[in-house]
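Novice:
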Amino acid sequence: MFQFIHAADIHLDSPLRGLERYEGAPVDEIRLATRRALEKLVDLALQKRVAFVIIAGDLFDGDWKDYNTGLFFARQMSRLREKSIPVYIVKGNHDATNKVTKSLPMPENVFVFSDAKPETFYIDDCHVAIHGQSFSTTAVTDNLSLAYPQAERDRFNIGVLHTCADGKEGHAPYAPCKINELVGKGYDYWALGHVHKREVLNEEPLIIFPGNLQGRHIIETGAKGCTLVTVDERNRASAEAIELSVLRWEHCLIDVTGAASEDEVIQIISSELGKLLIVTGEIPLAVRVEISGACAADAIVRSRLEHFINQVRAVATDISRERIWVEKVKIKTTPQSAGLAGGAYDSPADAVDATSLNLAEGPVGELMQMIAEYREGGARLAELRDELADLERKLPEEVKKSLGFQDDDFLKDILNDVQDMLLDQLAQAK
3 MFQFIHAADI
13 HLDSPLRGLE
23 RYEGAPVDEI
33 RLATRRALEK
43 LVDLALQKRV
53 AFVIIAGDLF
63 DGDWKDYNTG
73 LFFARQMSRL
83 REKSIPVYIV
93 KGNHDATNKV
103 TKSLPMPENV
113 FVFSDAKPET
123 FYIDDCHVAI
133 HGQSFSTTAV
143 TDNLSLAYPQ
153 AERDRFNIGV
163 LHTCADGKEG
173 HAPYAPCKIN
183 ELVGKGYDYW
193 ALGHVHKREV
203 LNEEPLIIFP
213 GNLQGRHIIE
223 TGAKGCTLVT
233 VDERNRASAE
243 AIELSVLRWE
253 HCLIDVTGAA
263 SEDEVIQIIS
273 SELGKLLIVT
283 GEIPLAVRVE
293 ISGACAADAI
303 VRSRLEHFIN
313 QVRAVATDIS
323 RERIWVEKVK
333 IKTTPQSAGL
343 AGGAYDSPAD
353 AVDATSLNLA
363 EGPVGELMQM
373 IAEYREGGAR
383 LAELRDELAD
393 LERKLPEEVK
403 KSLGFQDDDF
413 LKDILNDVQD
423 MLLDQLAQAK
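Quick look at the structure:
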């Protein structure tokens with residue numbers, strides 16, 4: 003029996019996006035989150051005494067800002083070398099060969115797959131063959147898996163591939179492949195990367211996206227980490243998700259229907275955040291608070307928005323002992339009188355009919371239609387990214403990364419905010 007770790011999409015030293023700085027927020031946990039998550043990965047490997055570690059692409063978020071990124075990674079790999087634990091890496095779209103220009107010598111336990119063709123590494127102690135191929139460029143659209151060799155007899159065969167598989171919403175269509183093509187190789191386990199949400203695509207053999215190691219914005223909610231794989235004496239694999247993130251992103255959707263005052267709304271928020279703390283344990287949280295429902299407090303909340311948002315931050319800091327960072331407060335309440343019999347409007351989008359606005363003539367209708375098209379993704383979202391390219395080129399590298407123009411989910415989240423702001427302004431104008 004042996005164990006190994008399958009991780010992917012570490013995006014080392016990439017910024018966590020969308021967080022506003024304010025007194026009491028866990029700044030240190032945020033700034034070094036991806037490094038701390040990698041340290042926890044190495045800690046786990048040492049604790050479990052795994053046979054090896056696999057990183058299935060996007061170890062880095064792009065070219066290093068400076069050599070400290072490489073030095074930190076090399077130091078962590080040296081910890082594994084001291085216990086004779088090898089690490090096998092494929093490069094993905096973010097750290098493709100042509101994208102990362104800086105490099106440093108790595109410890110001899112680090113093996114990077116070729117980007118020219120599939121390559122196989124052998125671990126004779128546990129009769130393992132690991133097959134993989136790195137990305138040579140960012141946009142690899144060929145099905146790399148087709149060129150992978152068939153499984154080798156009398157070995158536990160692992161395929162390592164950075165891929166969108168058969169297509170995943172919000173992820174670029176890189177190295178696409180079909181599940182039956184992967185199964186047809188005869189491998190015992192497929193270690194995939196690229197998709198940031200954990201997903202088991204197939205049970206026999208196991209084909210798994212472990213998700214990213216550390217969530218980096220509000221789209222990447224919930225527990226994040228790696229997959230610990232156990233292989234028994236009959237070469238049967240079982241997998242366990244292990245959380246390694248040092249800060250977790252969460253949505254807190256709160257119904258404040260009927261709240262008569264601002265204080266009552268704050269009390270409801272405090273109660274719901276308290277429940278969230280109980281179910282998430284000790285890990286620090288970056289939380290988006292979203293309140294909805296028809297209530298008498300709607301007018302006072304909206305008239306003193308900055309005051310209200312800071313009340314939410316204050317109560318979050320107090321009840322969590324600085325474990326909660328309020329990423330954003332979204333107000334989707336409506337006036338009490340706007341409610342319908344047996345229910346209430348959930349948001350300004352209901353009070354001002356978004357569908358009608360999409361069909362309306364004039365600048366408002368055109369803007370709503372444009373937002374709707376961009377939110378569908380695909381070619382239209384790519385056009386928006388191209389239109390933003392000139393602005394992006396003029397920005398400092400740190401600002402550029404924090405804005406996340408290359409992240410489809412992040413762009414869609416911004417578009418949602420734009421629509422909410424527009425509908426909110428129209429509702430108030432009524």
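The sequence shown begins at 3 in our numbering and counts up by one. Glycine included, every Cβ here is placed at the ideal spot set by N, Cα and C.
(1) Counting beta carbon pairs with one atom in the region 319 to 332 and one in the region 263 to 280, are three or more of them shorter than 8 Å?
(2) What residue does the beta strand (DSSP E) around Gln5 start on, and which one ends it?
(3) According to DSSP, is Ile244 part of a helix, a strand, or is it coil?
(4) What would DSSP say about His198, mapped onto helix, strand or coil?
(5) Could you tell me whether the region 90 to 110 touches the region 60 to 73, where touching means 3 or more Cβ pairs closer than 8 Å?
(6) Would you kindly work out how many angstroms separate the C-alpha atoms of Arg315 and Val328, rounded to a whole number?
(7) Beta-carbon of Leu287 versus every beta-carbon of chain C: anything under 8 Å?
(8) Let me confirm a value: Asp126 is counted as buried when at least 16 other C-beta atoms fall within 10 Å, else exposed. Which label applies?
(9) Do you know how far the Cα of Ala153 is from the Cα of Ala10?
(10) For my contact list, Pro88 and Phe113 are in at a C-beta cut-off of 8 Å; report their separation, rounded to the angstrom.
(11) So, for Arg218: in the same chain, excluding its five sequence neighbours on each side, which residues have a beta-carbon less than 7 Å away from its beta-carbon?
(12) Using a Cβ-Cβ cutoff of less than 7 Å, which residues in the same chain neighbour Pro337 once the five nearest sequence positions on both sides are dropped?
(13) Report yes if the CB atom of Asp415 is closer than 8 Å to the CB atom of Ile221, and no otherwise.
(14) Excluding the 5 residues preceding and the 5 following Phe6 in the sequence, name in chain order all residues of the same chain whose CB lies nearer than 6 Å to its CB.
(15) Alpha carbon to alpha carbon, how far is Glu378 from Ala239? Give it in angstroms, no decimals.
(16) Could you tell me whether the region 72 to 86 touches the region 99 to 108, using the rule of 3 or more Cβ pairs below 8 Å?
(17) Could you tell me which residues DSSP puts in a beta bridge with Ser294?
(18) For Gly217, which three-state DSSP category applies?
(19) Whole-angstrom Cβ separation of Ala58 and Val185, contact assumed at under 8 Å?
(20) Tell me whether the beta-carbon of Ile160 lies closer than 8 Å to the beta-carbon of His133.
(21) How close, in whole Å, do the beta carbons of Ala225 and Glu201 come, if the pair is a contact with beta carbons under 8 Å?
(22) Who does Asn237 pair with in a DSSP beta bridge?
(23) Once you ignore the five residues that flank Ser136 on each side, which residues in its own chain have a CB closer than 6 Å to its CB?
(24) What are the start and end residues of the beta strand (DSSP E) that includes His129?
(25) Output the distance between the C-alpha atoms of Asp265 and Lys334, rounded to the nearest integer angstrom.
(26) Answer with buried or exposed for Glu121, where buried requires no fewer than 16 other C-beta atoms within 10 angstroms of its C-beta.
(27) Within a Cβ cutoff of 8 Å, which residues of the same chain sit near Gly72, ignoring the five residues on either side of it in sequence?
(28) How is the alpha helix (DSSP H) around His164 delimited, first residue to last?
(29) When you compare only the Cα positions, how much space is there between Asn70 and Leu215?
(30) Going by alpha carbons, who is nearest to Leu208 out of Val317, Thr99, Ile181 and Arg306?
(31) Could you give the distance in angstroms between the alpha-carbon of Glu84 and the alpha-carbon of Asn145?
(32) In this structure, how does DSSP classify Tyr176 when only helix, strand and coil are distinguished?
(33) Considering only their Cβ atoms, is the gap separating Ala318 from Ile326 smaller than 8 Å?
Specialist: In brief:
(1) The answer is yes - the region 319 to 332 touches the region 263 to 280, with three or more Cβ pairs under 8 Å.
(2) According to the DSSP assignment, Gln5 belongs to the beta strand (DSSP E) that extends over Phe4 to Ala9.
(3) In the structure shown, Ile244 sits in a strand (DSSP, three-state: E or B).
(4) In this structure, DSSP gives His198 a state outside helix and strand, which the three-state scheme calls coil.
(5) Yes, they touch.
(6) Taking the straight line joining both Cα atoms gives about 6 Å.
(7) No chain C is part of this structure, which consists of one protein chain only.
(8) Classification of Asp126: exposed, given that the 10 Å Cβ count is below 16.
(9) Ala10 and Ala153 have their alpha carbons spaced roughly 23 Å apart.
(10) About 6 Å separates the Cβ atoms of Pro88 and Phe113, confirming a contact at the 8 Å cut-off.
(11) Result list for Arg218: His13, Ser16, Leu18 and Arg19, in chain order.
(12) The residues are Ala296, Asp300 and Ala301.
(13) Taking 8 Å as the Cβ cut-off, Asp415 and Ile221 qualify as a contacting pair.
(14) Excluding residues within five positions, the ones whose Cβ falls inside 6 Å are Val52, Ala53, Phe54 and Val231.
(15) Distance between the alpha carbons of Ala239 and Glu378 is about 38 Å.
(16) At 8 Å Cβ cutoff, the stretches touch.
(17) Asp257 and Lys334.
(18) Per DSSP, reduced to three states, the secondary structure at Gly217 is coil, with no helix or strand assignment.
(19) For Ala58 against Val185, the beta-carbon gap comes to about 18 Å, at or over 8 Å, which does not count as contact.
(20) Result yes, Cβ atoms of Ile160 and His133 sit closer than 8 Å.
(21) Between Ala225 and Glu201 the beta-carbon gap is near 14 Å, outside 8 Å, which marks them as no contact.
(22) Asn237 has no beta-bridge partner at all, per DSSP.
(23) Correct list, in chain order: Val92, Lys93, Phe115 and Asp117.
(24) Counting along the chain, His129 falls outside any beta strand (DSSP E), and DSSP gives it neither H nor E.
(25) C-alpha separation (whole angstroms): 17 Å.
(26) Buried.
(27) Excluding positions up to five away in sequence, the list reads Trp66, Lys104, Ser105 and Leu106.
(28) Element bounds for His164: not the alpha helix (DSSP H) but the beta strand (DSSP E), Phe158 to His164.
(29) Their backbone Cα atoms lie some 20 Å apart in a straight line.
(30) Among Val317, Thr99, Ile181 and Arg306, the Cα nearest to that of Leu208 is on Ile181.
(31) Glu84 and Asn145 have their C-alpha atoms roughly 37 Å apart.
(32) Tyr176 sits in coil when the DSSP states are folded into three classes, being neither helix nor strand.
(33) Going by C-beta atoms, Ile326 is nearer than 8 Å to Ala318.
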